[in-house]
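A.B. asks: Dropping the structure in here first, questions after.
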Amino acid sequence: MSELLHPVAWIIVILGALTVFGIEIEKRIKEKKKG
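Numbering (the working numbering), first residue to last: 7 to 41.
Below, the structure written as structure tokens:
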């Protein structure tokens with residue numbers, strides 16, 4: 007591993023995690039509105 011991954015790789019990982027997290031929150035909000 008060179009320098010703990012490149013900063014660009016970290017940005018991609020963080021953006022991916024935030025996207026998945028946001029989708030999960032949207033699903034829960036929609037389910038709460040239905041209920």
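Glycine included, every Cβ here is placed at the ideal spot set by N, Cα and C.
Can you give me the C-alpha to C-alpha distance between Lys33 and Gly22, rounded to a whole angstrom?
C.D. replies: Stepping through the sequence shown from its first residue, residue 33 is reached at position 27. Stepping through the sequence shown from its first residue, residue 22 is reached at position 16. Straight-line Cα distance between these residues: approximately 17 Å.
A.B. asks: Hey, how far is the Cα of Leu37 from the Cα of Ile17?
C.D. replies: Against the sequence shown, residue 37 aligns to sequence position 31. Against the sequence shown, residue 17 aligns to sequence position 11. Note on residue identity: the sequence assigns Glu, not Leu, to residue 37. Going from the Cα of Glu37 to the Cα of Ile17 covers about 30 Å.
A.B. asks: My output table needs one value for Gly41: the three-state DSSP class, helix, strand or coil.
C.D. replies: Translated into positions along the sequence shown, residue 41 becomes position 35. Here Gly41 sits in coil by DSSP.
A.B. asks: CA-CA distance, Ile35 and Val19?
C.D. replies: Start at 1 with the first residue of the sequence shown, and residue 35 comes out as number 29. Start at 1 with the first residue of the sequence shown, and residue 19 comes out as number 13. Their Cα atoms are separated by approximately 24 Å.
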